[in-house]
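Offset between the sequence shown (1-based) and the numbering used here: plus 407.
The beta carbon of each residue, even a glycine, is placed where N, CA and C say it ideally should be.
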Amino acid sequence: MADPHDEPAPAKRSEDTQTTTSPPKDTVIIEEGDTLLVCADAEELGKLRVSSIILKHTSPVFKAMLGPHFAEGQVPRSALHPQELHCPEDDWHAMKCLMQLLHHSKSWLQDDLCNSGTLERLIGLGVVADKYACIEAIFLQVDTVFAHFRNSHIAAGPHPDVSSDSAGLRDCFDLATAAVHFGKHSYFYFFTKRLVMDFVGPYSSVLTTRPGSEDTALSLKLNILLKLEEQRNAIRVRIGEHIPSLAIFSCHYCGGGYQSKSTVFMPAFEKAIKLETHWPPTFSSLSIRTVLEKLKNVGNIGWGHVCGHHGSLVRKAREFEDFAAEVYNSMAGMCSRCAKAGSFTTGSCGVSGHWVPTAHWKDGI
408 MADPHDEPAP
418 AKRSEDTQTT
428 TSPPKDTVII
438 EEGDTLLVCA
448 DAEELGKLRV
458 SSIILKHTSP
468 VFKAMLGPHF
478 AEGQVPRSAL
488 HPQELHCPED
498 DWHAMKCLMQ
508 LLHHSKSWLQ
518 DDLCNSGTLE
528 RLIGLGVVAD
538 KYACIEAIFL
548 QVDTVFAHFR
558 NSHIAAGPHP
568 DVSSDSAGLR
578 DCFDLATAAV
588 HFGKHSYFYF
598 FTKRLVMDFV
608 GPYSSVLTTR
618 PGSEDTALSL
628 KLNILLKLEE
638 QRNAIRVRIG
648 EHIPSLAIFS
658 CHYCGGGYQS
668 KSTVFMPAFE
678 KAIKLETHWP
688 PTFSSLSIRT
698 VLEKLKNVGN
708 IGWGHVCGHH
718 GSLVRKAREF
728 EDFAAEVYNS
738 MAGMCSRCAK
748 AGSFTTGSCG
758 VSGHWVPTAH
768 WKDGI
């Protein structure tokens with residue numbers, strides 16, 4: 408007879424009662440889809456159900472993959488019997504957005520673009536769209552995103568209460584990177600010029616602002632940043648050397664290449680421009696835009712007595728305004744097509760057929 412105080416024996420666990428993980432549901436981009444895209448992380452996120460007709464119509468790469476020369480194109484496929492197409496190297500979320508755009512379905516592009524992660528998703532979308540050569544098919548949808556950021560605070564110049572190294576300016580580099588993938592030549596020029604105009608910190612810092620993001624084009628990014636640094640340094644040197652040269656005056660009548668250097672010009676200039684230090688300015692805390700704005704508003708600066716032929720000299724405000732305008736016009740963004748091809752030059756591109764800013768084009772910077 409069993410002891411009533413004994414613990415009941417645990418029931419044996421059969422193999423039939425063991426829990427199993429069910430496969431993730433597929434994401435249906437279109438109900439009549441006859442193709443299942445298997446991207447990276449498909450085991451956790453599922454496959455993407457799409458139409459092979461749309462893929463072949465919008466992408467020459469997909470058209471080749473689904474053509475008669477590949478195994479995937481030789482298998483009969485239908486909505487009842489969809490066939491898999493493996494894209495193991497492609498980001499699932501980026502491919503999902505690309506498929507939504509190609510199939511004219513709602514995507515995150517219709518959501519609030521100010522959400523965090525928008526630019527990471529934009530770059531990811533650009534990578535897969537560029538890879539499968541379907542940039543033109545989504546040109547208009549993506550253009551809306553770039554126009555949004557160009558017209559926002561990121562593109563409108565530094566706000567009085569926002570430092571020139573704000574997150575908005577750092578976003579300019581992500582936007583420039585995305586513009587390369589999407590072939591948005593004017594936007595690439597625009598955002599790279601903004602970085603030269605307003606970013607005062609080391610450009611290397613923009614690569615570390617999103618440590619969790621996947622970097623698929625580090626070499627391209629580094630070369631772009633190096634060229635921007637080169638242009639910014641050259642402009643800083645030009646500004647720094649030009650102003651002291653205005654303190655020197657040559658008189659052709661005195662003979663012998665007579666030159667006179669004013670002892671009052673630089674102190675008067677530094678007072679007028681309201682510098683906390685001596686010239687040249689501290690570019691590590693002042694953007695090139697800020698310095699040029701100061702030059703445009705400096706006014707007339709007395710040079711002092713020159714010689715018997717000229718008497719006293721005054722450097723007119725127009726001289727400083729013209730110099731500031733000349734420097735601004737010499738500053739330029741980069742050509743996205745050249746950058747993508749490995750040629751990193753700034754200024755209007757001289758390659759035939761490449762985008763260049765025309766006389767009527769306003770960069771709004």
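Asked                                                                                                                           : Found
I631 classed as buried or exposed, judged by whether at least 16 other C-beta atoms fall within 10 angstroms                    : buried
Cβ-Cβ distance between E439 and A486 below 8 Å                                                                                  : yes
Assigned exposure category for G524 - 16 Cβ within 10 Å defines buried                                                          : exposed
For I642 and F469, the rounded distance between their alpha carbons                                                             : 46 Å
Inter-residue spacing [alpha-carbon to alpha-carbon] between T442 and F580                                                      : 36 Å
At least three beta-carbon pairs within less than 8 Å, the region 581 to 590 to the region 532 to 550                           : yes
Backbone CA spacing between P495 and M738 [nearest angstrom]                                                                    : 43 Å
G619 - DSSP class collapsed to helix/strand/coil                                                                                : The predicted position of G619 is uncertain, since its pLDDT is 42 and thus under 50; no value can be drawn from it.
Residues bridged to S437 (per DSSP)                                                                                             : In the sequence as displayed, the identity of residue 437 is Ile instead of Ser. DSSP lists no partner for I437.
Straight-line gap, F553 to I708 (C-alpha atoms, nearest Å)                                                                      : 43 Å
Inter-residue Cα distance where the pair is K701 and W686                                                                       : 13 Å
Reduced DSSP category for L785 - H, G, I as helix; E, B as strand; rest coil                                                    : The shown model of the chain, from 408 to 772, leaves out residue 785, and the question about it has no answer.
Buried versus exposed call for C541 [16 or more other C-beta atoms within 10 Å across all chains shown]                         : buried
Touch test, the region 471 to 491 against the region 503 to 515, Cβ-Cβ under 8 Å, three pairs minimum                           : no
Residue(s) in a DSSP beta bridge with I708                                                                                      : R722
Option in S429, S466, H488 and F672 with minimal Cα separation from E450                                                        : S429
From L627, I461 and G531, residue whose alpha carbon lies closest to that of G749                                               : L627
Close beta carbons around L462, own chain, < 6 Å, minus the five adjacent residues each side                                    : F469
Beta-carbon spacing of I460, H510 below 8 Å                                                                                     : no
Backbone CA spacing between S667 and S719 [nearest angstrom]                                                                    : 12 Å
Contacts around L492, its chain only, beta-carbon distance under 6 Å, and the 5 residues preceding and following it disregarded : T442, L444 and E479
N-terminal and C-terminal residue of the alpha helix (DSSP H) that T599 is part of                                              : H592 to D605
Distance between C504 and I545 (C-alpha atoms, nearest Å)                                                                       : 11 Å
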